[in-house]
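Q:
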Amino acid sequence: MDLPGPRWKKGKDGKDFAALAAANPMSSIVAELQASLRQSEPVAILSNQGGDAVLGVTPEQAGLLNRAAFGRAVEIAGEARQWFQLGPEEVLFLCQCLKCIAVESADKKQMDERELWNRLCSTSEPFPEMYKAYQHLRLKNWVVRSGLQYGADFVAYRHHPALVHSEFAVIVVSEGDVFGTRCGRMKVWSDLLCSLRASGTVAKTLLVLTISSRTCELTSPDCLEQLIVHERTVTRWIPQQCREQGPKPSREELKPCREEANMAEQVQTIESEGSNYWGVILGFTVLSSLLVYKLKFERKA
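Take a look at the structure:
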């Protein structure tokens, strides 16, 4: 079954943003952001309670962060710099993958990649597989946002959320002994059907990303190279819709060919002649019966 394409939003002129997105590919925007952040080396400060962080940037970098769909702008009165709140996956992606920001703890202590990894894993047990799924999609130039309001782990956009609706509702499934008891997710039909129904209700395709590994230690970010991602899209099969997907016959195809028309005409003629023949026989039989009944009545009289 063919997957539905992107649902582009429209501007004030009524035209969709497909052409605008094609002229500004997400890969170019992310590369521009990476180059700008590497020059100034901004520092993200982790919060005490969770894995979120706050990043202070220049107005130009704030525009690039917004265009690349990283984080959410935070307004702080009286501040010349602009601040963005980043999620755990976004912090590690900018630090470990793009290598364009530094990270400090709340007490102003510089953190390397391993320390940051351990800190983020301590705040969320399934963080390793969640980050691997996020990294996998981001490196393919998909914009990834939280899918909590859609009953999913993430939602994936073809471009900026202001230009297009999200295309996939993403469920992350872990597979392997290294993940412990977290491997039981989506193993029951009811879980799959609930996720499929929820994604269909909000016009999204369900994308299941299975993160697997046989021998891997999750205590280090080096494990990311050993984790394997399997992509599976799950869609409902609706017979009423599939039945109408074939090409419609033309008028010429609907017309019977000459041989078929002649054959149908001959069959109709034979049927009409046969019906006339049996009508004559039936009439003669009825008439004979009446004559015999009349002769018997006259003899009795």
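Per our numbering, the very first residue in the sequence shown carries number 1197; after that it's consecutive. Each residue gets a CB set at the ideal place from its N, CA and C atoms; glycine is no exception. For clarity, every value in this text was computed on a predicted model and none was experimentally measured.
Out of Leu1335, Asp1387, Gly1376, which one is the CA nearest neighbour of Ile1367?
A: As a working mapping, residue 1367 is identified with position 171 in the sequence shown. Cα-wise, what sits closest to Ile1367 is Asp1387.
Q: Taking 8 Å as the cut-off, does the region 1198 to 1218 touch the region 1305 to 1318 (at least 3 CB pairs, one atom from each stretch)?
A: With the cut-off at 8 Å, the region 1305 to 1318 and the region 1198 to 1218 do not touch.
Q: In three-state terms, what does DSSP make of Met1222?
A: For the purposes of this step, residue 1222 is taken as residue 26 along the sequence shown, with counting starting at 1. Correct three-state label for Met1222: helix.
Q: Only counting runs of 4 or more residues, tell me where the alpha helix (DSSP H) segments fall wholly within the region 1358 to 1444, in order along the chain.
A: Entirely contained in the region 1358 to 1444, the alpha helix (DSSP H) runs reaching 4 residues are, in chain order, 1385 to 1397, 1435 to 1438.
Q: Start and end of the beta strand (DSSP E) containing Glu1271?
A: Your numbering for residue 1271 matches position 75 in the sequence shown. Careful: Glu1271 lies outside any beta strand (DSSP E) and carries neither H nor E.
Q: Let's test the definition: count the other Cβ atoms within 10 Å of the Cβ of Lys1211 and tell me whether it reaches 16, buried, or not, exposed.
A: Within the sequence shown, numbered from 1, the residue matching residue 1211 stands at position 15. Flag for Lys1211 reads exposed.
Q: Leaving out the 5 sequence neighbours to the left and right, which residues in its chain are closer than 7 Å to Trp1385 when beta-carbon positions are compared?
A: If you number the sequence shown from 1, residue 1385 lands on position 189. No residues qualify anywhere along the chain.
Q: Mind checking Cys1291: buried by the 16 CB within 10 Å criterion, or exposed?
A: Position 95 of the sequence shown, counting from 1, holds the residue named residue 1291. Its Cβ being crowded by 16 or more others within 10 Å, Cys1291 is buried.
Q: Thinking C-alpha only, which one of Cys1296, Pro1284, Ala1217, Pro1324 is nearest Asn1337?
A: By 1-based counting over the sequence shown, the position of residue 1337 is 141. Shortest Cα-Cα distance from Asn1337 to any of Cys1296, Pro1284, Ala1217, Pro1324 involves Ala1217.
Q: Whose CA, out of Gly1207, Ala1329, Phe1364, lies closest to the CA of Pro1284?
A: Here the question's residue 1284 lines up with position 88 in the sequence shown. Checking every option, the nearest Cα to that of Pro1284 belongs to Ala1329.
Q: Is the region 1286 to 1303 touching the region 1232 to 1251 in the sense that three or more CB pairs, one from each, lie closer than 8 Å?
A: yes
Q: Looking at the unbroken beta strand (DSSP E) that takes in Tyr1330, where does it start and where does it end?
A: Locating residue 1330 in the sequence shown gives position 134, where the first residue counts as 1. First-last for Tyr1330: 1323 to 1334, but that is the alpha helix (DSSP H), not the beta strand (DSSP E).
Q: To the nearest whole angstrom, what separates the beta carbons of Leu1402 and His1332, a pair I think is in contact under 8 Å?
A: The count along the sequence shown starts at 1 and reaches residue 1402 at position 206. The count along the sequence shown starts at 1 and reaches residue 1332 at position 136. So it is not a contact: roughly 16 Å between Cβ atoms.
Q: Which residue or residues does DSSP assign as beta-bridge partners of Trp1279?
A: Here residue 1279 corresponds to residue number 83 of the sequence shown, with the count starting at 1. Answer is Gly1252, Val1270, bridged to Trp1279.
Q: Since Arg1310 contacts Pro1221 with CB under 8 Å, what's their CB separation in whole angstroms?
A: For the purposes of this step, residue 1310 is taken as the residue at position 114 of the sequence shown. For the purposes of this step, residue 1221 is taken as the residue at position 25 of the sequence shown. Taking a contact as a CB-CB distance under 8 Å, the pair Arg1310 and Pro1221 does not count as one, their CB atoms being some 33 Å apart.
Q: Below 8 Å between beta carbons: does that hold for Glu1325 and Ile1407?
A: Locating residue 1325 in the sequence shown gives position 129, where the first residue counts as 1. Locating residue 1407 in the sequence shown gives position 211, where the first residue counts as 1. Going by C-beta atoms, Glu1325 is nearer than 8 Å to Ile1407.
Q: Going by beta carbon distance, what residues of the same chain come within less than 6 Å of Gln1257, once the five residues before and after it are set aside?
A: In the sequence shown, the residue the question calls residue 1257 occupies position 61. The residues Ser1232, in chain order, have a CB closer than 6 Å to that of Gln1257 in the same chain once the five nearest residues on each side in sequence are set aside.
Q: Between the beta-carbon of Leu1282 and the beta-carbon of Leu1251, is there less than 8 Å?
A: Within the sequence shown, residue 1282 is the residue found at index 86, counting from 1. Within the sequence shown, residue 1251 is the residue found at index 55, counting from 1. The answer is yes: Cβ separation under 8 Å.
Q: If you drop the 5 nearest sequence neighbours on each side, which residues of the same chain put their C-beta closer than 6 Å to that of Gln1230?
A: Start at 1 with the first residue of the sequence shown, and residue 1230 comes out as number 34. In the same chain as Gln1230, and ignoring 5 residues on each side of it, the C-beta atoms closer than 6 Å to its own belong to Leu1294, Cys1296, in chain order.
Q: Indicate the three-state DSSP secondary structure (helix, strand or coil) for Glu1286 in the structure shown.
A: Numbered from its first residue, the sequence shown carries residue 1286 at position 90. Glu1286: helix per DSSP, three-state reduction.
Q: Are the region 1409 to 1425 and the region 1369 to 1385 in contact at 8 Å, needing three or more beta carbon pairs?
A: yes
Q: For Gly1207, I'd like the list of residues in its chain whose CB is within less than 7 Å of its CB, leaving aside the five on either flank, ordered along the chain.
A: Translated into the one-based positions of the sequence shown, residue 1207 becomes position 11. Excluding sequence neighbours, Gly1207 sits near Phe1213.
Q: Starting from Glu1300, follow the beta strand (DSSP E) in both directions and report where the run begins and ends.
A: Your numbering for residue 1300 matches position 104 in the sequence shown. Start and end: 1298 to 1300.
Q: In this structure, does DSSP put Ala1264 in helix, strand or coil?
A: For the purposes of this step, residue 1264 is identified with residue 68 of the sequence shown, where counting begins at 1. DSSP places Ala1264 in coil when its eight states are reduced to three.
Q: Flag Glu1427 as yes when its Cβ comes closer than 7 Å to any non-hydrogen atom of the ligand PLP, and as no otherwise.
A: Ligands are entirely absent from the displayed structure, and the ligand PLP is therefore not among its contents.
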